[in-house]
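Everything in the sequence shown is counted per our numbering, starting at 312 for the first residue and increasing by one.
Ideal Cβ positions, reconstructed from N, Cα and C, are used throughout, including at glycine.
None of the values given here were measured: they were computed from a predicted structure.
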Amino acid sequence: MIRLGGNLLLIVQKYGGTSVADKKRIMNAASRIAEAYRSGNRLVVVVSAQGSTTDELIKSAEDIDPDASGRELDMLLSTGEQQSAALMAMALKKMGLPAISLNGWQMGIVTTENHGNARIESIVTDRIENELNAGNIVIAAGFQGINEKGDITTLGRGGSDTTAVALAAALKAERCEIYTDVEGVYTADPRVVSTAEKLDSISYDEMLDFTTMGAKVLHNRSVELAKRHNVPLCVRSSFVRSDGTDVCAEDGARVVSGITSDENTALITITGMENQPGSAYGVFRLMADRGISVDIILGSGENDGEMAFTIEKSNLKAAASALKTNLRSGTIKWDDNFSKISVIGTGLESNPGVVSEIFAALAGEKINIEMITTSEIKISLLIERRDTDRAVKALHKRLVEDGK
Ligand code: ADP
Ligand code: ASP
Ligand code: MG
312 MIRLGGNLLL IVQKYGGTSV ADKKRIMNAA SRIAEAYRSG NRLVVVVSAQ GSTTDELIKS
372 AEDIDPDASG RELDMLLSTG EQQSAALMAM ALKKMGLPAI SLNGWQMGIV TTENHGNARI
432 ESIVTDRIEN ELNAGNIVIA AGFQGINEKG DITTLGRGGS DTTAVALAAA LKAERCEIYT
492 DVEGVYTADP RVVSTAEKLD SISYDEMLDF TTMGAKVLHN RSVELAKRHN VPLCVRSSFV
552 RSDGTDVCAE DGARVVSGIT SDENTALITI TGMENQPGSA YGVFRLMADR GISVDIILGS
612 GENDGEMAFT IEKSNLKAAA SALKTNLRSG TIKWDDNFSK ISVIGTGLES NPGVVSEIFA
672 ALAGEKINIE MITTSEIKIS LLIERRDTDR AVKALHKRLV EDGK
């Protein structure tokens, strides 16, 4: 626990886009911040861009140049969070509270070079600590930093969660509270499955699987960071007063803790590849060299000349052009009309019956499974995108609701 210039606890709060979407919501968030401040806490508050601002900024960039450079895109996208931070500081000051807004570079958030998906490498906290010591509530623009060249970078969609956890770790905050538009982490996206149940707590590892497999309630790297630095993290509603979900080190005792879906998936199939040792390596080295992660893999180029694998949809252009230019043999096809559905739970390994339940649930809905991959704590299936919500609902009903 850090005590800066007194006996006050430091808390990091983060308000997402919906929670600061308009004046009314900014004032609602500001009154919660005021409450935490008045009850004797020091506060760093991270804010996201208002509502769909980031999407709109991306659209206006694409209007001018669909291939605009990452540097200029980041210059543009970072302004969304800067606006929210300034507005939130104004709202708090208007309420008579001391507040100051800071953007990424002012907070000394140093990131890797890569625009659009930079990682936080270090935070030089002097400025923030000075502001806290001066009694200010620090309003931090999320989602951004500065690279070694001195250029503004952004942390990837949803990255304000990572700003919050990174600040909590660097400042040794007591805890990090993520305020959003749902009451916590649920057994499935509550906007898709109305019967989804809120979890009181979830382990870092399970939460990592949720986020990696498509639950966008938290940014994946924020959970990685929270686990590495042991930051107590909780997800709560900014609208409803309830306990939310604690994300912590302890393991849940559930067989299945949730179902996720990821529509950001594309399938690449290569047929008629050279049948010799090293052909698979040739394909995956091309992906690795471009920083493209491969997820589900089926078949083996070295046995039957055929191989299929999934990647993130956003990497499809780069992957396809690398394969076309560099592969000496084989026909390359791709399809981005798929979704990946995952069943997550620490008890999957010790409950083999769950696997047959999964197939029964999808068979009952006549949903075809294209590919499958399993690990100790998750099972992922590739299905046609149009079946996504039906599959999630059927799996949730069979494994979570009926499985109790
Ligand atoms: P914010 O703008 O506050 O960062 P996001 O839209 O990024 O909010 O994340 C919250 C959304 O995550 C919810 O509105 C919900 O639809 C979605 N979501 C997906 N899976 C889950 C889940 N398992 N539990 C809770 N929310 C989920
Ligand atoms: N505004 C950014 C986005 O829409 C970052 C965030 O909301 O966390 O992705
Ligand atoms: Mg988010």
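Rounded C-alpha distance that separates Ser371 from Thr390
Straight-line Cα distance between these residues: approximately 13 Å.
Should Ile344 go down as buried or exposed, given a rule of 16 or more other Cβ atoms within 10 Å for buried?
buried
Could you tell me which uninterrupted alpha helix (DSSP H) segments, each at least 4 residues in length, are contained entirely in the stretch 459–487, listed from first to last along the chain?
Segments of the alpha helix (DSSP H) lying fully in the stretch 459–487: 471–481.
Is Gly469 near ligand 1, going by C-beta to nearest heavy atom under 7 Å?
Yes, ligand 1 has a heavy atom inside 7 Å of this Cβ.
With burial defined as no fewer than 16 other Cβ atoms inside 10 Å of the residue's Cβ, what is the status of Gln587: buried or exposed?
exposed
Give the secondary structure of Asp378 by DSSP, where H, G and I count as helix, E and B as strand, and everything else as coil.
coil
With C-beta atoms as the reference, is Leu529 less than 8 Å away from Ala480?
no
Starting from Ser625, trace the beta strand (DSSP E) in both directions and tell me its first and last residue.
Element bounds for Ser625: n/a, residue is neither H nor E.
For Ile678 versus Ala702, is the C-beta spacing smaller than 8 Å?
Yes, the Cβ-Cβ distance between Ile678 and Ala702 is below 8 Å.
Please work out which residues of its chain come closer than 8 Å, Cβ to Cβ, to Ala671, disregarding the five sequence neighbours upstream and downstream, and give them in chain order.
Answer for Ala671: Arg709, listed in chain order.
Write down every uninterrupted run of the alpha helix (DSSP H) in the stretch 620–679 whose length is 4 residues or greater and which is fully enclosed by it, in chain order.
627–637, 664–675
Which residues mark the beginning and the end of the beta strand (DSSP E) in which Lys325 is found?
320–326
I'd like to check one pair, Arg382 with Asp511: are the Cβ atoms closer than 8 Å?
no
Start-to-end residues for the alpha helix (DSSP H) that takes in Asp600
590–600
Between His426 and Ile570, is the Cβ-Cβ spacing less than 8 Å?
no
Which residues bound the beta strand (DSSP E) around Ser572?
569–582 is the extent of the beta strand (DSSP E) around Ser572.
Using a threshold of 7 Å, is the CB atom of Phe521 nearer than that to any non-hydrogen atom of ligand 4?
Among the ligands in the structure shown, ligand 4 does not appear; only ligand 1, ligand 2 and ligand 3 can be found there.
Buried versus exposed call for Gly583 [16 or more other C-beta atoms within 10 Å across all chains shown]:
exposed
Three or more C-beta pairs closer than 8 Å, one from the stretch 345–361 and one from the stretch 390–405: is that the case here?
yes
Assigned exposure category for Ile581 - 16 Cβ within 10 Å defines buried:
buried
To the nearest angstrom, report how far apart Lys325 and Arg349 are at their CA atoms.
18 Å
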